[in-house]
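Asker:
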Amino acid sequence: AEDGIRYRSPSRGLGDVYKRQCQCFLYIRFCTCTKQSLQKCTCTEIKHAMKGKTAAVFFGFTHCPEICPTTLYELTNWIDMLGDEGKDLNVFFISVDPVRDTPQRMKKYLSRFSNRITGITGDPNEINKLTKAWYIYTNRVTLGDGEYTMDHTASIFLLRVDGSLHGTIDYKDTTNVALQKLRHLLSL
1185 AEDGIRYRSP SRGLGDVYKR QCQCFLYIRF CTCTKQSLQK CTCTEIKHAM KGKTAAVFFG
1245 FTHCPEICPT TLYELTNWID MLGDEGKDLN VFFISVDPVR DTPQRMKKYL SRFSNRITGI
1305 TGDPNEINKL TKAWYIYTNR VTLGDGEYTM DHTASIFLLR VDGSLHGTID YKDTTNVALQ
1365 KLRHLLSL
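Using the numbering used here, the first residue of the sequence shown is number 1185, and each one after it goes up by one.
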(Lines of atoms letter the chains of each structure in order from A and count residues from 1; the text may use other names and numbers.)
(Lines give C-alpha, C1' and ligand atoms only; values in the text may rest on other atoms or scores of the structure.)
Protein backbone atom coordinates (compact mmCIF):
# COMPACT_ATOMS: atom_id res chain seq x y z
CA ALA A 1 0.00 0.00 0.00
CA GLU A 2 1.15 3.52 -0.63
CA ASP A 3 1.03 4.43 3.07
CA GLY A 4 3.60 1.70 3.80
CA ILE A 5 1.16 -0.57 5.62
CA ARG A 6 0.08 -3.90 4.24
CA TYR A 7 -3.61 -4.70 4.63
CA ARG A 8 -5.01 -8.19 4.57
CA SER A 9 -7.84 -8.82 2.24
CA PRO A 10 -9.90 -11.96 1.97
CA SER A 11 -8.29 -14.46 -0.31
CA ARG A 12 -9.26 -17.85 -1.58
CA GLY A 13 -9.35 -20.42 1.18
CA LEU A 14 -10.04 -17.97 4.00
CA GLY A 15 -13.79 -17.74 3.43
CA ASP A 16 -14.50 -20.60 5.81
CA VAL A 17 -12.52 -18.86 8.53
CA TYR A 18 -14.64 -15.73 8.18
CA LYS A 19 -17.85 -17.73 8.18
CA ARG A 20 -16.79 -19.64 11.27
CA GLN A 21 -15.92 -16.40 13.06
CA CYS A 22 -19.33 -14.91 12.51
CA GLN A 23 -21.29 -18.08 13.18
CA CYS A 24 -19.31 -18.82 16.30
CA PHE A 25 -21.16 -16.23 18.34
CA LEU A 26 -24.29 -18.32 17.92
CA TYR A 27 -22.57 -21.12 19.84
CA ILE A 28 -22.20 -19.13 23.05
CA ARG A 29 -25.69 -19.53 24.36
CA PHE A 30 -25.08 -18.34 27.91
CA CYS A 31 -22.41 -15.75 27.37
CA THR A 32 -22.38 -12.50 29.25
CA CYS A 33 -21.11 -9.30 27.76
CA THR A 34 -20.06 -7.09 30.56
CA LYS A 35 -20.47 -3.44 29.84
CA GLN A 36 -20.10 -1.14 32.81
CA SER A 37 -23.73 -1.82 33.73
CA LEU A 38 -23.11 -5.59 33.73
CA GLN A 39 -26.04 -6.15 31.45
CA LYS A 40 -26.57 -9.65 30.14
CA CYS A 41 -26.63 -10.08 26.38
CA THR A 42 -27.66 -13.05 24.31
CA CYS A 43 -25.33 -14.27 21.63
CA THR A 44 -27.67 -13.02 18.98
CA GLU A 45 -27.33 -9.56 20.52
CA ILE A 46 -23.54 -9.88 20.52
CA LYS A 47 -23.54 -11.00 16.89
CA HIS A 48 -25.86 -8.09 16.11
CA ALA A 49 -23.53 -5.71 17.98
CA MET A 50 -20.62 -6.90 15.85
CA LYS A 51 -22.49 -6.58 12.58
CA GLY A 52 -23.23 -3.24 11.00
CA LYS A 53 -20.23 -1.55 12.59
CA THR A 54 -16.54 -2.13 12.33
CA ALA A 55 -15.01 -3.95 15.27
CA ALA A 56 -11.73 -4.55 17.04
CA VAL A 57 -11.67 -7.90 18.86
CA PHE A 58 -9.03 -8.90 21.41
CA PHE A 59 -8.81 -12.22 23.25
CA GLY A 60 -7.21 -12.18 26.70
CA PHE A 61 -7.78 -12.61 30.42
CA THR A 62 -8.01 -10.45 33.51
CA HIS A 63 -5.13 -12.11 35.40
CA CYS A 64 -2.72 -11.37 32.55
CA PRO A 65 0.37 -9.63 33.89
CA GLU A 66 1.44 -7.64 30.81
CA ILE A 67 0.01 -8.15 27.33
CA CYS A 68 -3.70 -7.76 28.11
CA PRO A 69 -3.54 -4.65 30.29
CA THR A 70 -1.06 -3.07 27.88
CA THR A 71 -3.27 -3.84 24.87
CA LEU A 72 -6.42 -2.59 26.59
CA TYR A 73 -4.61 0.56 27.70
CA GLU A 74 -3.46 1.13 24.10
CA LEU A 75 -6.97 0.46 22.76
CA THR A 76 -8.31 3.03 25.22
CA ASN A 77 -5.77 5.59 23.99
CA TRP A 78 -6.50 4.83 20.34
CA ILE A 79 -10.25 5.22 20.92
CA ASP A 80 -9.56 8.60 22.55
CA MET A 81 -7.22 9.66 19.74
CA LEU A 82 -9.78 8.71 17.07
CA GLY A 83 -12.46 10.80 18.79
CA ASP A 84 -15.60 11.18 16.65
CA GLU A 85 -13.79 9.50 13.77
CA GLY A 86 -13.97 6.21 15.74
CA LYS A 87 -17.59 6.45 16.88
CA ASP A 88 -18.58 3.51 14.66
CA LEU A 89 -15.91 1.20 16.07
CA ASN A 90 -17.03 -1.50 18.49
CA VAL A 91 -14.32 -2.94 20.74
CA PHE A 92 -14.62 -6.38 22.33
CA PHE A 93 -12.44 -8.10 24.96
CA ILE A 94 -13.18 -11.84 24.95
CA SER A 95 -11.92 -13.90 27.88
CA VAL A 96 -9.75 -16.96 27.25
CA ASP A 97 -10.04 -17.78 30.99
CA PRO A 98 -13.79 -17.87 31.70
CA VAL A 99 -13.29 -19.95 34.86
CA ARG A 100 -11.74 -16.96 36.65
CA ASP A 101 -13.17 -14.19 34.47
CA THR A 102 -16.65 -13.96 35.90
CA PRO A 103 -18.91 -11.11 34.80
CA GLN A 104 -18.16 -9.31 38.07
CA ARG A 105 -14.40 -9.73 37.61
CA MET A 106 -14.64 -8.53 33.98
CA LYS A 107 -16.65 -5.47 35.03
CA LYS A 108 -14.12 -4.51 37.70
CA TYR A 109 -11.14 -5.14 35.39
CA LEU A 110 -12.57 -3.25 32.40
CA SER A 111 -13.57 -0.27 34.55
CA ARG A 112 -9.89 0.79 34.38
CA PHE A 113 -10.15 1.20 30.61
CA SER A 114 -12.51 2.80 28.09
CA ASN A 115 -16.20 2.23 28.72
CA ARG A 116 -16.40 1.55 24.97
CA ILE A 117 -14.74 -1.85 25.50
CA THR A 118 -17.30 -4.63 25.89
CA GLY A 119 -16.17 -7.68 27.84
CA ILE A 120 -17.40 -11.14 26.90
CA THR A 121 -17.14 -14.25 29.07
CA GLY A 122 -19.18 -17.42 29.29
CA ASP A 123 -19.27 -21.16 29.72
CA PRO A 124 -15.72 -22.57 29.37
CA ASN A 125 -16.78 -25.15 26.77
CA GLU A 126 -18.48 -22.50 24.68
CA ILE A 127 -15.54 -20.09 24.97
CA ASN A 128 -13.29 -22.98 23.87
CA LYS A 129 -15.47 -23.42 20.75
CA LEU A 130 -15.18 -19.70 20.10
CA THR A 131 -11.38 -19.62 20.37
CA LYS A 132 -11.07 -22.67 18.12
CA ALA A 133 -13.38 -21.14 15.52
CA TRP A 134 -11.25 -17.99 15.48
CA TYR A 135 -8.02 -20.04 15.46
CA ILE A 136 -6.91 -18.37 18.70
CA TYR A 137 -3.96 -20.06 20.39
CA THR A 138 -4.57 -20.65 24.10
CA ASN A 139 -2.65 -22.76 26.59
CA ARG A 140 -3.06 -23.02 30.35
CA VAL A 141 0.37 -22.88 32.02
CA THR A 142 0.69 -24.10 35.61
CA LEU A 143 2.71 -21.78 37.84
CA GLY A 144 2.61 -23.70 41.13
CA ASP A 145 0.55 -23.41 44.32
CA GLY A 146 -2.53 -24.10 42.21
CA GLU A 147 -2.05 -20.88 40.23
CA TYR A 148 -1.86 -20.67 36.46
CA THR A 149 -1.53 -18.23 33.62
CA MET A 150 -2.72 -18.37 30.02
CA ASP A 151 -0.60 -18.15 26.89
CA HIS A 152 -2.70 -16.77 24.05
CA THR A 153 -2.74 -15.01 20.69
CA ALA A 154 -1.98 -11.34 21.29
CA SER A 155 -3.24 -9.76 18.05
CA ILE A 156 -6.25 -7.48 17.76
CA PHE A 157 -8.59 -8.63 14.99
CA LEU A 158 -10.19 -5.95 12.83
CA LEU A 159 -13.61 -6.73 11.37
CA ARG A 160 -15.40 -4.98 8.54
CA VAL A 161 -19.02 -3.88 8.76
CA ASP A 162 -20.14 -7.21 7.25
CA GLY A 163 -18.25 -9.15 9.96
CA SER A 164 -15.43 -10.34 7.72
CA LEU A 165 -11.81 -10.11 8.78
CA HIS A 166 -10.02 -7.00 7.54
CA GLY A 167 -6.67 -7.54 9.24
CA THR A 168 -4.92 -7.40 12.57
CA ILE A 169 -3.02 -5.06 14.82
CA ASP A 170 0.09 -6.81 16.10
CA TYR A 171 1.15 -6.44 19.72
CA LYS A 172 4.36 -4.78 18.54
CA ASP A 173 2.70 -2.29 16.15
CA THR A 174 3.38 1.34 17.00
CA THR A 175 0.58 3.76 17.83
CA ASN A 176 0.91 5.38 14.39
CA VAL A 177 0.62 2.04 12.59
CA ALA A 178 -2.34 0.97 14.75
CA LEU A 179 -4.15 4.27 14.11
CA GLN A 180 -3.51 3.99 10.36
CA LYS A 181 -4.97 0.47 10.37
CA LEU A 182 -8.01 1.58 12.38
CA ARG A 183 -8.57 4.60 10.15
CA HIS A 184 -8.32 2.44 7.05
CA LEU A 185 -10.86 0.02 8.51
CA LEU A 186 -13.22 2.87 9.42
CA SER A 187 -12.95 4.32 5.89
CA LEU A 188 -14.30 1.19 4.19
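Just so you know, even glycine gets a beta-carbon here, dropped at the ideal spot from N, CA and C.
Mind checking Ile1212: buried by the 16 CB within 10 Å criterion, or exposed?
Answerer: Low local confidence applies: a pLDDT of 34 at Ile1212 is under 50, so the model's placement there is unreliable, and no value is given.
Asker: Helix, strand or coil for His1457? Go by DSSP, reduced to three states.
Answerer: The first residue shown for the chain is 1185 and the last is 1372, placing residue 1457 beyond what the model contains.
Asker: Compute the distance between the beta-carbons of Phe1242 and Met1334, then report whether it is under 9 Å.
Answerer: Not closer than 9 Å, so no.
Asker: In the structure shown, what three-state DSSP assignment does Leu1372 receive?
Answerer: coil
Asker: Starting from the Cα of Lys1365, find the closest Cα among Gly1306, Pro1249 and Ile1263 and give me that residue.
Answerer: Comparing Cα positions, the closest option is Ile1263.
Asker: Could you tell me if Gly1267 is buried or exposed, where buried requires 16 or more neighbouring beta carbons within 10 angstroms of its beta carbon?
Answerer: exposed
Asker: Could you round the C-beta distance between Leu1327 and Ser1298 to whole angstroms and report it? I think they count as a contact, below 8 Å.
Answerer: With 8 Å as the limit, Leu1327 and Ser1298 do not qualify as a contact, their Cβ atoms being about 30 Å apart.
Asker: In this structure, how does DSSP classify Asn1360 when only helix, strand and coil are distinguished?
Answerer: helix
Asker: Identify which residue in Asp1307, Ile1251 and Lys1237 has its Cα closest to the Cα of Lys1271.
Answerer: Lys1237
Asker: Quick check: the segment 1296 to 1316 against the segment 1275 to 1282, are there 3 or more CB pairs under 8 Å?
Answerer: A contact exists between the segment 1296 to 1316 and the segment 1275 to 1282.
Asker: Quick one: is Pro1287 buried, meaning 16 or more other Cβ sit within 10 Å of its Cβ, or exposed?
Answerer: Buried, since its Cβ has 16 or more Cβ neighbours within 10 Å.
Asker: Between Asn1360 and the rest of its own chain, which residues show a CB-CB distance below 7 Å, the 5 nearest in sequence each way excluded?
Answerer: none
Asker: Considering only the alpha carbon of each residue, which of Tyr1321, Ala1338, Leu1314 and Gly1330 lies closest to Thr1255?
Answerer: Ala1338
Asker: Cα separation between Tyr1191 and Tyr1319?
Answerer: Summary for Tyr1191: the model assigns pLDDT 37, below 50, so the residue's position carries little reliability, and this model does not support an answer.
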